[in-house]
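Number of protein chains: 2
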Amino acid sequence: MRTINIGIIGLGTVGSGVIQIIQKHHDDFLNHQGVDIQITRVASRRDNVAREYGLMDVFSFDGMDVVNDPAIDIVVELVGGTGIAKDIILAALRAGKQVVTANKALMASMGAEVYEAAREGQTAIFYEAAVGGGIPIIGPLKNYLDANEISSIMGIVNGTTNYMLTRMSQNHLSYEDALAQAQKKGYAEADPTADVEGYDAAAKIAILASIAYNSRVTLDDVPTEGISALSATDIAYADEMGYCIKLLAIANRSEEGIDIRVHPTMLPKSHPLCAVNGVFNAIYVVGDFVGETMFYGQGAGSGPAASAVVGNIIEVARQLAADMPILEHCTCTDEVSLRPMDRLRTRYYLRFPVYDRPGVFAQIAEAFAAHNVSLYSVVQRGTVSSDVDEQENTTDVVVVTHHALEADMQAALAEIAQTETTAGVPALIRVV
Amino acid sequence: MRTINIGIIGLGTVGSGVIQIIQKHHDDFLNHQGVDIQITRVASRRDNVAREYGLMDVFSFDGMDVVNDPAIDIVVELVGGTGIAKDIILAALRAGKQVVTANKALMASMGAEVYEAAREGQTAIFYEAAVGGGIPIIGPLKNYLDANEISSIMGIVNGTTNYMLTRMSQNHLSYEDALAQAQKKGYAEADPTADVEGYDAAAKIAILASIAYNSRVTLDDVPTEGISALSATDIAYADEMGYCIKLLAIANRSEEGIDIRVHPTMLPKSHPLCAVNGVFNAIYVVGDFVGETMFYGQGAGSGPAASAVVGNIIEVARQLAADMPILEHCTCTDEVSLRPMDRLRTRYYLRFPVYDRPGVFAQIAEAFAAHNVSLYSVVQRGTVSSDVDEQENTTDVVVVTHHALEADMQAALAEIAQTETTAGVPALIRVV
Chain W
1 MRTINIGIIG LGTVGSGVIQ IIQKHHDDFL NHQGVDIQIT RVASRRDNVA REYGLMDVFS
61 FDGMDVVNDP AIDIVVELVG GTGIAKDIIL AALRAGKQVV TANKALMASM GAEVYEAARE
121 GQTAIFYEAA VGGGIPIIGP LKNYLDANEI SSIMGIVNGT TNYMLTRMSQ NHLSYEDALA
181 QAQKKGYAEA DPTADVEGYD AAAKIAILAS IAYNSRVTLD DVPTEGISAL SATDIAYADE
241 MGYCIKLLAI ANRSEEGIDI RVHPTMLPKS HPLCAVNGVF NAIYVVGDFV GETMFYGQGA
301 GSGPAASAVV GNIIEVARQL AADMPILEHC TCTDEVSLRP MDRLRTRYYL RFPVYDRPGV
361 FAQIAEAFAA HNVSLYSVVQ RGTVSSDVDE QENTTDVVVV THHALEADMQ AALAEIAQTE
421 TTAGVPALIR VV
Chain G
433 MRTINIGIIG LGTVGSGVIQ IIQKHHDDFL NHQGVDIQIT RVASRRDNVA REYGLMDVFS
493 FDGMDVVNDP AIDIVVELVG GTGIAKDIIL AALRAGKQVV TANKALMASM GAEVYEAARE
553 GQTAIFYEAA VGGGIPIIGP LKNYLDANEI SSIMGIVNGT TNYMLTRMSQ NHLSYEDALA
613 QAQKKGYAEA DPTADVEGYD AAAKIAILAS IAYNSRVTLD DVPTEGISAL SATDIAYADE
673 MGYCIKLLAI ANRSEEGIDI RVHPTMLPKS HPLCAVNGVF NAIYVVGDFV GETMFYGQGA
733 GSGPAASAVV GNIIEVARQL AADMPILEHC TCTDEVSLRP MDRLRTRYYL RFPVYDRPGV
793 FAQIAEAFAA HNVSLYSVVQ RGTVSSDVDE QENTTDVVVV THHALEADMQ AALAEIAQTE
853 TTAGVPALIR VV
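Pasting the structure below:
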């Protein structure tokens, strides 16, 4: 039996997990999958992990030593980012090596270049861990839901923000307190921008949309709104109205093109995504024959991400061991266009902090009417709005609209912002 | 490009769905997957479906005409059951044809014979639709969670009973009314035995356990208890106590062997399986590195099941089109033994309808104590039990135990049944 030699570049959290799995389950993979996977080289900026796992004799500080070793069949890139990781991946692919990576940033921004390099090297790249951590989602989309035309993907794909929203909802924490808790637990970075502003989720939905809609969608294509402007007030109102609020990464197929976006979203509590709490992730996928499906699990962490990476390694190793060409899926593109955000039609929840004066409802209602936004419900909350200075009595006007065009909504909001009744920036949450 | 010729045997609900998908998406499969899938033969006892889809020129009443046609690459068996379907599958495999099927009964009872035939014919069999309908679960277990040692599978794998339990829980229906509703909606058969007594779920967990634990588990190995003895009273009590009740198909890896069973189960409401309602299915899988995962979707119906069947067809077709040998997973077995049900250690919910006399608690408590069953809580419900004749005042004693051995529990129950205080058969629900 041919040994499959892998080289791991990047020995951080995920890299350590990959080593642990292979050291623990090598014989299982041999007996059950018929593959003899050997860690033949490792590389990292520091040698502590290699030392811990007894891999100093195959350790190198330079990732290119792994790429350039002719013995290596599969390069496992776990450095991340679009710097040195890009050089490693492109070089490995051009050299005809199979590549397994967890690199969402690279796949979401430079997928075209990566696939071109794979074509040159007549090889393939696998990146299940880039989205949803341990949750099998890229593979199922490519291999098990491929009988369907996918119409919609909605994902909770960022554990940090889902943890924060769960705490805000269940424990009535403020955004700031929820962030502090997440940081204390190690779920949020010291600089939480990529998570709380939705960029991490945007990269992931760009990858999923590219696969599901056979197109090339990049991070820059995704209109993104994070949770940093979300207040506990809106979560409480949503709860009363029978909704949960989740940061969703959405990609729908529409007649006008791919509708892609990341923003806080209100979902009826009966929706399965509302039951996804804490650091868990879930990706909800609708296909024309399969109907609704959902894939749930841990979206981050050493074990889950390493599980996905090793799954890919075995997938490639089995084909190499059978001397088969690696079966790559279509890396072609249908070049589906993107639908601009202002063509979105959805329902909206809005909360206007207003001065408590006569005629407030009327001014808001007139602005919506003038821009074809039809109201489903309007409630003036008896509480004093928390968002404004209390020089004058203020209150919240909470509006839920029927389906309206995003462009119309923005125009109405611009008009309302000019009125004297508004006492602060309105909260806007789109409703599914 | 080589055309892949498929022959479909059995044109019922699923067969019609398969035809619809291929007729609608043929060009997508060609453009994206590089496979030209042709429905080259169909067979069924009746010709109405073939007529409806314009397939009369390739129609036959005899499934063996499909198997014996040398042009056919993939035999799609959708007759079901262990009669003629078995002959078709064994003949097709021995003749070296690839087989795709949705046949849970055959795979759960005669898997060994089927795999032996596949070995003889040097070919393979795929059966994603046999468990969970449209939900990708067999493929992900084999291909994407294979980096893990699986420790636990808990599935809601029968839509009929989940629909009934949802109605009993949300609308406070009796078992009989829930069954009548399910039958009216077409979710339950006129003879609902296979669903309500748990046999359908038992077949499915036998299949999943065989894959997850690399063993041969058959339907007959699965201790099975359905929902027909379940009362609305217990569902209401469970709800008050913060639990949902689901019919779970369970397969755990234990030190004493595979712990496999089907029975109604109480789960804390925060468990993701509690949010799976109506006819939806979900399979919850725990692995040593990936942690908790869950796969959710429609477990039955034409579209979902056909989605899974066509997913398998594409999987095989891609390999055939590339002139590759079909990569079959290990059909070996570790011959893991089964742990007998009486070695189960779990928590129990029990409801005893008793005569309202002094000393009732004491008698029950003594019997449990004598058999090493430790009580977590005991509550006498103020209501008159609905389960007994009202010749004398009766009431419910509701007990929740700590972890106890099934053998001890059964011995305690046998003893309690002899006492004069019990006024009917106690309800027993295992708690996760």
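Residue numbers (my numbering), protein chains in the order written: chain W, 1 to 432; chain G, 433 to 864. For every residue, glycine included, the Cβ atom is placed at its ideal position computed from N, Cα and C.
Where residue i falls, given that 16 or more other Cβ within 10 Å makes a residue buried
i, result
"G:C706", "buried"
"G:M698", "buried"
"G:N603", "exposed"
"W:F61", "exposed"
"G:D627", "buried"
"G:G879", "The shown model of chain G, from 433 to 864, leaves out residue 879 of chain G, and the question about it has no answer."
"W:N372", "exposed"
"W:P140", "buried"
"W:P272", "buried"
"G:N437", "buried"
"W:T224", "buried"
"W:D453", "What is shown of chain W runs 1 to 432, which leaves residue 453 of chain W out entirely."
"G:M908", "One cannot answer for residue 908 of chain G here, as it falls past the ends of chain G, which runs 433 to 864."
"W:A46", "As written in the sequence, residue 46 of chain W is Arg, which differs from the Ala given in the question. W:R46 is exposed by the Cβ-count criterion."
"G:G495", "buried"
"W:P340", "exposed"
"W:M56", "exposed"
"W:G299", "buried"
"W:A112", "exposed"
Selection from the options that minimises the alpha carbon distance to residue i
i, options, result
"G:F866", "G:G565, G:V508, G:C764 and G:G449", "A question about residue 866 of chain G goes unanswered here, because the residues of chain G that appear run from 433 up to 864."
"G:L462", "W:A370, W:A367 and W:C332", "W:C332"
"G:G444", "G:R483, G:D459, G:H457 and G:I436", "G:R483"
"W:E256", "W:I235, W:E335 and W:H329", "W:E335"
"W:D408", "W:N393, W:L375, W:V398 and W:D396", "W:L375"
"W:V431", "W:Y199, W:Y349, W:P304 and W:I84", "W:Y349"
"W:L179", "W:A112, W:Y237 and W:I227", "W:I227"
"G:N825", "G:V786, G:I861 and G:L860", "G:V786"
"W:S337", "W:G121, W:A232, W:I314 and W:N214", "W:N214"
"G:A802", "G:P772, G:G791 and G:Q842", "G:Q842"
"W:V58", "W:I39, W:N48 and W:R45", "W:I39"
"G:R813", "G:L759, G:T665 and G:D691", "G:T665"
"G:E548", "G:I454, G:R648, G:G515 and G:D623", "G:R648"
"G:D774", "G:A844, G:D460 and G:A517", "G:A844"
6 angstroms Cβ shell around residue i - same chain, five flanking residues per side excluded
i, result
"W:R2", "A321"
"G:V832", "Y781, Y808 and S809"
"W:L173", "R167"
"W:G80", "N103"
"G:E629", "G658"
Close-in-space but distant-in-sequence residues of the same chain around residue i (CB under 8 angstroms, 5 per side omitted)
i, result
"W:F289", "A147 and N148"
"W:A305", "T13, V14, G17, A102, A129, G133 and G134"
"G:I390", "The shown model of chain G, from 433 to 864, leaves out residue 390 of chain G, and the question about it has no answer."
"G:K529", "V499, I504, D505, I506, V507, G553 and T555"
7 angstroms Cβ shell around residue i - same chain, five flanking residues per side excluded
i, result
"G:H835", "R777, T778 and R779"
"G:R789", "T853"
"W:G301", "G133"
"W:L219", "A108, S109, A202, A203 and A206"
"G:K574", "I643 and H761"
"G:V563", "K536, I569, I570, V589, K636, I639 and L640"
Presumed contact (8 angstroms Cβ cut-off) between residue i and residue j, rounded CB distance
i, j, result
"W:I235", "W:I245", "5 angstroms"
"G:V654", "G:R685", "Contact flag wrong, Cβ pair sits at about 15 angstroms."
"G:A475", "G:V498", "5 angstroms"
"W:R41", "W:G7", "4 angstroms"
"G:T882", "G:L679", "No information on residue 882 of chain G is available, as it lies outside the stretch 433 to 864 that chain G covers here."
"W:E77", "W:G10", "7 angstroms"
Any non-hydrogen atom of the ligand NAP closer than 6 angstroms to residue i Cβ
i, result
"G:T826", "Although the ligand NAP was asked about, the structure shown includes no ligands whatsoever."
Requested in this report: Would you check if there are 3 or more beta carbon pairs closer than 8 angstroms linking the segment 99-109 of chain W to the segment 195-209 of chain W?
Outcome: yes
Query raised in the report: Are the segment 842-859 of chain G and the segment 788-808 of chain G touching, with three or more C-beta to C-beta distances below 8 angstroms?
Result: yes
Requested in this report: Decide if the segment 61-72 of chain W is in contact with the segment 260-279 of chain W; the criterion is three or more beta carbon pairs, one per stretch, under 8 angstroms apart.
Outcome: no
Requested in this report: Please confirm if the segment 613-626 of chain G is in contact with the segment 662-680 of chain G, defined as three or more CB-CB distances below 8 angstroms between the two stretches.
Outcome: no
Requested in this report: Count the CB pairs spanning the segment 83-94 of chain W and the segment 118-132 of chain W that are closer than 8 angstroms, and state whether there are at least three.
Outcome: yes
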